[in-house]
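Q:
Number of protein chains: 2
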Amino acid sequence: MHDAALERFILFWGEMASTWGINRTMSQIHALLYISEDALDTDTIMERLQISRGNANMNLRSLVSWSLVRKVHQPGSRKDFFYAEKDVWQMAARIIRERERREIRPVVAQLQACREILLSESKGEDGSLEERDEQFIERIDNLMDLTRLLESFATAVLPLVEDERAKLRRVIELIASWKSKS
Amino acid sequence: MHDAALERFILFWGEMASTWGINRTMSQIHALLYISEDALDTDTIMERLQISRGNANMNLRSLVSWSLVRKVHQPGSRKDFFYAEKDVWQMAARIIRERERREIRPVVAQLQACREILLSESKGEDGSLEERDEQFIERIDNLMDLTRLLESFATAVLPLVEDERAKLRRVIELIASWKSKS
DNA sequence: GTTTGTTTTCAGTCTTTAGTGAAAACCCAA
DNA sequence: TTGGGTTTTCACTAAAGACTGAAAACAAAC
Numbered sequence: 001m002h003d004a005a006l007e008r009f010i011l012f013w014g015e016m017a018s019t020w021g022i023n024r025t026m027s028q029i030h031a032l033l034y035i036s037e038d039a040l041d042t043d044t045i046m047e048r049l050q051i052s053r054g055n056a057n058m059n060l061r062s063l064v065s066w067s068l069v070r071k072v073h074q075p076g077s078r079k080d081f082f083y084a085e086k087d088v089w090q091m092a093a094r095i096i097r098e099r100e101r102r103e104i105r106p107v108v109a110q111l112q113a114c115r116e117i118l119l120s121e122s123k124g125e126d127g128s129l130e131e132r133d134e135q136f137i138e139r140i141d142n143l144m145d146l147t148r149l150l151e152s153f154a155t156a157v158l159p160l161v162e163d164e165r166a167k168l169r170r171v172i173e174l175i176a177s178w179k180s181k182s
Numbered sequence: 001m002h003d004a005a006l007e008r009f010i011l012f013w014g015e016m017a018s019t020w021g022i023n024r025t026m027s028q029i030h031a032l033l034y035i036s037e038d039a040l041d042t043d044t045i046m047e048r049l050q051i052s053r054g055n056a057n058m059n060l061r062s063l064v065s066w067s068l069v070r071k072v073h074q075p076g077s078r079k080d081f082f083y084a085e086k087d088v089w090q091m092a093a094r095i096i097r098e099r100e101r102r103e104i105r106p107v108v109a110q111l112q113a114c115r116e117i118l119l120s121e122s123k124g125e126d127g128s129l130e131e132r133d134e135q136f137i138e139r140i141d142n143l144m145d146l147t148r149l150l151e152s153f154a155t156a157v158l159p160l161v162e163d164e165r166a167k168l169r170r171v172i173e174l175i176a177s178w179k180s181k182s
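As they're listed, the protein sequences go chains A and B.
Numbering-wise (the numbering used here), the first sequence opens with residue 1 and increments by one.
Numbering-wise (the numbering used here), the second sequence opens with residue 1 and increments by one.
1. Answer yes or no: does any C-beta atom of chain A fall closer than 8 Å to that of alanine 4 of chain B?
2. Could you compute how far the alpha carbon of isoleucine 140 of chain A sits from the alpha carbon of phenylalanine 12 of chain B?
3. Between the alpha carbons of arginine 132 of chain B and leucine 63 of chain B, how many angstroms are there, rounded?
4. Which value, in whole angstroms, describes the spacing of the CA atoms of threonine 155 of chain B and alanine 154 of chain A?
5. I need the straight-line Cα distance from glutamate 121 of chain B to arginine 48 of chain A, nearest angstrom please.
6. State buried or exposed for glutamine 74 of chain A, treating a residue as buried only when at least 16 other CB atoms are found within 10 Å of its CB.
7. Check whether the stretch 104-120 of chain A touches the stretch 55-70 of chain B, taking contact to mean three or more Cβ pairs, one atom from each stretch, closer than 8 Å.
8. Buried or exposed: where does glutamine 28 of chain B fall if 16 or more other Cβ atoms within 10 Å of its Cβ makes it buried?
9. Can you tell me which of A:Asp41, A:Arg24, A:Asp3, A:Leu32 puts its alpha carbon nearest to the alpha carbon of serine 77 of chain A?
10. Taking only beta-carbon atoms, is valine 69 of chain B less than 8 Å away from chain A?
11. CA-CA distance, threonine 147 of chain A and valine 107 of chain B?
12. Can you check which of these residues, B:Lys71, B:Phe9, B:Ser128, B:Ala92, is closest to leucine 158 of chain B by C-alpha distance?
13. Roughly how many angstroms lie between the CA atoms of glutamine 50 of chain B and glutamate 103 of chain B, to the nearest whole one?
14. So with CB distances below 9 Å, who are the chain A contacts of isoleucine 29 of chain B?
15. Which class does arginine 70 of chain A belong to by DSSP, given the choice of helix, strand or coil?
16. Report yes if the C-beta distance between threonine 19 of chain B and glycine 54 of chain A is below 8 Å; otherwise report no.
17. What is the rounded straight-line gap between the Cα of glutamate 98 of chain B and the Cα of tryptophan 66 of chain B?
18. Less than 8 Å between the C-beta atoms of asparagine 142 of chain B and valine 69 of chain A, yes or no?
19. I need the straight-line Cα distance from aspartate 145 of chain A to alanine 84 of chain A, nearest angstrom please.
20. Taking just the CA atoms, how far does glutamine 110 of chain B sit from methionine 46 of chain A?
21. If the cut-off is 9 Å on Cβ atoms, which residues from the stretch 73-92 of chain A count as contacting chain B, listed in chain order?
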């Protein structure tokens, strides 16, 4: 039997997720499904992880929205079954894509907003900026550069993960883009 | 005055951090120090962010342990003052290094432990493994590969950020290591 | 349209994480 | 070694986030 190992895997996978700001239960469900060859239904997951139906439902939907798990039908049953992506490269790619979309992209917008507030509120009588404010803007700009690099890196690295053959070509492009930034 | 912009920057920087599993206040202190040209003392930070002494102290220490902020002395005062790293590339490098050390590195050890439990508990009478368990081990191994790639990527990308001149050389090595893995 | 099996929602509760503030420890100068 | 300024600790409290369970909504079969 491999129950002890599975138990341990599920627990630590959940812990790890929570240090990265991801819901613990969501990650535990993911761990369970990743190891299961078969698609599982909600009741099986509830029982295995000792969680409520609401909790299972919410986190399964969340996993589906991250494209890490998909709903599948099982002929002869009206229930939904859930099956996890098994290719770790695809897994990584999907996590990168979603975090980029949900959490990196909005940062540029926020920084831009700060920049605009600064420009509109900081102008002196003669339209010039104080040194202090110029420095502030410069630091905001530096963060924007960093954020944009992260974004472009994410988009550059994704096809690399998803399509083995495209790897080298994309890395070359990546180097070129780094060179032009420095 | 740039107070509205600073306020906004501090708030959203804190929000962003918390979606990445980083303490909100720690990140707000960091935002404040990053924008300040001068080193600030604990009381100034407490007053500016409306937080308690204990909270300020704890999070400042944490920022120092991440190498994002350093304690500095101010001649004529017995207080500690705090000054944030201003180079965003250094900042990124330090965050990557710490997260790698604290949160990626232990994953390999945990996965290894799962693997060992599996091997020791799953052997049949004849020392062979069931198909189910072999599949489990294979999936654990795939996660270990991914984790190791993340690790090696982190170590490869760090000098690249820290030393502009080493950039190309390291990327070349990176490509080589990817090639040998695929 | 009704029954039956299933999923979804959500107000209330629980758990976990973060923050407070006062007391203790620390540390230097006198 | 004593005193005053400063930092650190920690038991307690507050806030945030996650979970529950029962009721409502839904959907397929009859």
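Each residue gets a CB set at the ideal place from its N, CA and C atoms; glycine is no exception.
All of these numbers come straight from a predicted model, not from anything done at the bench.
A: Taking the structure as given:
1. In the second sequence, counting from the first residue as 1, residue 4 of chain B sits at position 4. Answer yes: the Cβ-Cβ gap between alanine 4 of chain B and chain A drops below 8 Å somewhere.
2. Taking the first residue of the first sequence as 1, we reach residue 140 of chain A at position 140. Taking the first residue of the second sequence as 1, we reach residue 12 of chain B at position 12. Their Cα atoms are separated by approximately 13 Å.
3. By one-based count along the second sequence, residue 132 of chain B stands at place 132. By one-based count along the second sequence, residue 63 of chain B stands at place 63. If I take the Cα positions, the gap works out to 46 Å.
4. Against the second sequence, residue 155 of chain B aligns to sequence position 155. Against the first sequence, residue 154 of chain A aligns to sequence position 154. Between threonine 155 of chain B and alanine 154 of chain A, the C-alpha separation is close to 18 Å.
5. Taking the first residue of the second sequence as position 1, residue 121 of chain B is located at position 121. Taking the first residue of the first sequence as position 1, residue 48 of chain A is located at position 48. Answer to the nearest angstrom: the Cα atoms are 20 Å apart.
6. The sequence position of residue 74 of chain A within the first sequence is 74, counting from 1. Result: exposed.
7. no
8. For the purposes of this step, residue 28 of chain B is taken as the residue at position 28 of the second sequence. Counting Cβ neighbours within 10 Å, glutamine 28 of chain B comes out buried, since at least 16 surround it.
9. The residue given as residue 77 of chain A occupies position 77 in the first sequence. When only C-alpha atoms are compared, the closest one is A:Asp41.
10. Within the second sequence, the letter at position 69 stands for residue 69 of chain B. With 8 Å as the cut-off, valine 69 of chain B does not count as an interface residue toward chain A.
11. Working through the first sequence from its first residue, we reach residue 147 of chain A at position 147. Working through the second sequence from its first residue, we reach residue 107 of chain B at position 107. Looking at the two C-alpha atoms, the distance is approximately 27 Å.
12. Against the second sequence, residue 158 of chain B aligns to sequence position 158. That would be B:Ala92, whose Cα lies nearest to the Cα of leucine 158 of chain B.
13. Here residue 50 of chain B is taken as the residue at index 50 of the second sequence, counted from 1. Here residue 103 of chain B is taken as the residue at index 103 of the second sequence, counted from 1. Rounded to the nearest angstrom, the two C-alpha atoms are 31 Å apart.
14. The residue you call residue 29 of chain B lines up with position 29 of the second sequence. Neighbours of isoleucine 29 of chain B in chain A, taken as residues whose beta carbon is under 9 Å from its own, are absent, since the nearest beta carbon is some 16 Å off.
15. Taking the first sequence and counting its residues from 1, one reaches residue 70 of chain A at position 70. Looking at arginine 70 of chain A - three-state DSSP - the assignment turns out to be strand.
16. Looking up residue 19 of chain B in the second sequence gives position 19. Looking up residue 54 of chain A in the first sequence gives position 54. No; because the gap between Cβ atoms is not below 8 Å, this pair is not in contact.
17. If you number the second sequence from 1, residue 98 of chain B lands on position 98. If you number the second sequence from 1, residue 66 of chain B lands on position 66. Spanning the two alpha carbons is a distance of roughly 6 Å.
18. Your numbering for residue 142 of chain B matches position 142 in the second sequence. Your numbering for residue 69 of chain A matches position 69 in the first sequence. Cβ atoms of asparagine 142 of chain B and valine 69 of chain A: not closer than 8 Å.
19. Walking along the first sequence from the start, residue 145 of chain A turns up at place 145. Walking along the first sequence from the start, residue 84 of chain A turns up at place 84. Each residue's alpha carbon lies about 36 Å from the other.
20. If you number the first sequence from 1, residue 46 of chain A lands on position 46. If you number the second sequence from 1, residue 110 of chain B lands on position 110. Distance between the alpha carbons of methionine 46 of chain A and glutamine 110 of chain B: 25 Å.
21. Answer in chain order: Lys86, Asp87, Val88, Trp89, Met91, Ala92.
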